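This is the structure we're talking about:
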């Protein structure tokens, strides 16, 4: 019973997909058979105004001198930081030792077959 309903749903989906592709093909054919549309006239190219000229920047000889930085001796000293108490953690609880993992079994070696040489040719 369930297999037949799944089969009928599958047939319905295939039928819907085939009908939708027919309508899509019909619409595409209709677009291809349109009469030639009139061409769009070309627009005149706009003229760009001239860009302003870049002003001359002052050279290093005309710049004023940079201010001097204060020396390290003129800075005030920082206040002493308060001492922070040391934190102590409680002892870790006793843990059971980790059991040993069993070792992996060894893979036996496969015996090789002796190769036979072909018979001598006459």
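In mature numbering (1 follows the signal peptide of the UniProt record, and there is no 0), the protein residues as written are -27 to -1, 1 to 95. For glycine and all other residues, C-beta sits at the position ideal for the given N, C-alpha and C. Being a predicted model, the structure only gives us computed values, none of them experimental.
Contact with chain C by residue i, beta-carbon distance below 8 Å
{"i": "residue 74", "result": "Considering every chain present, this structure includes no chain C. It has just one protein chain."}
Spatial distance of residue i from residue j (CA atoms)
{"i": "residue 89", "j": "residue -17", "result": "60 Å"}
{"i": "residue 15", "j": "residue -9", "result": "43 Å"}
{"i": "residue 10", "j": "residue -15", "result": "39 Å"}
{"i": "residue 97", "j": "residue -13", "result": "There is simply no residue 97 to check, as the chain begins at -27 and stops at 95 in what is shown."}
{"i": "residue 72", "j": "residue 52", "result": "55 Å"}
{"i": "residue 86", "j": "residue 93", "result": "21 Å"}
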